[in-house]
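In numbering that gives the first Met the number 0, the protein residues as written are 0 to 196. For reference, the structure discussed in these notes is given below.
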Amino acid sequence: MQTNYTKIKELDEYLRRVLKPKRYTHSLGVVEMAGTLAEIYGADVQKARFAGLVHDIAKCNSCEMMNRLIREYGVELRYINNPELAHSKVGAAMLKQDFDICDEDVLMAVSSHTAGRYGMTLLEEIVYVADAIEMNRTYAEASALRELAKHDIDKACLEIIDYSIALLGKRGIKIDTDTYEAKRFVLDKINRKEVFI
């Protein structure tokens, strides 16, 4: 099913209201980076930009509100008391149930943008990578990752997954099993590509 792009204005206004200015600016950065990467890799630019815009739609919720939304939308209960991981799953459910966005490509890109998953599509990888490297990201590795992403989206995705695992490990934060599954999937893709080179 196609995305209802007439909702873009409504969603943009909603995001301006509910997101903090820095988060909204980040979302606009993801729009631009996702669009650029989609052009490079031949993905649907409109879907990439749209998913980039709405990827953090549920990020603004408190832990208490996120827990309520997890139950309300039927999101897996393993995300209770973990708003950092839950926001992507809740965001996808919110887009579908509250805004009538039924494009599974976009919904999956939103759902997997935080932890990734085994079997990520090109669009999912693009949004995952764009979220980590958009131009407002200033951590030390961001610039090198931006360059890598323009040449090899899979290797950039793997580097970002490894960076996330290391960062979360340093902070003592439990790493979602989906992240390890995403790493396995991307590694398999890279290894398959290298066999044919």
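A virtual CB, placed ideally from N, CA and C, is assigned to each residue, including glycine. Keep in mind the model is a prediction, meaning the values are calculated, not measured.
- In this model, Lys46 and Leu106 are separated by some 10 angstroms (Cα to Cα).
- Taking the Cα positions, Tyr127 is about 10 angstroms away from Glu133.
- Counting the other Cβ atoms within 10 Å of the Cβ of His150 gives fewer than 16, which makes it exposed.
- Here His25 is actually not in contact with Val109; their C-beta atoms are around 14 angstroms apart, not less than 8 angstroms.
- Note that the segment 53-68 does not touch the segment 156-171; fewer than 3 beta-carbon pairs, one per stretch, sit closer than 8 angstroms.
- For Leu36, the enclosing alpha helix (DSSP H) stretches over residues Pro20 to Tyr40.
- DSSP places Cys59 outside any alpha helix (DSSP H), giving it a letter other than H or E.
- Per the C-alpha coordinates, the member of Tyr72, Ile39 and Arg116 positioned closest to Asp97 is Tyr72.
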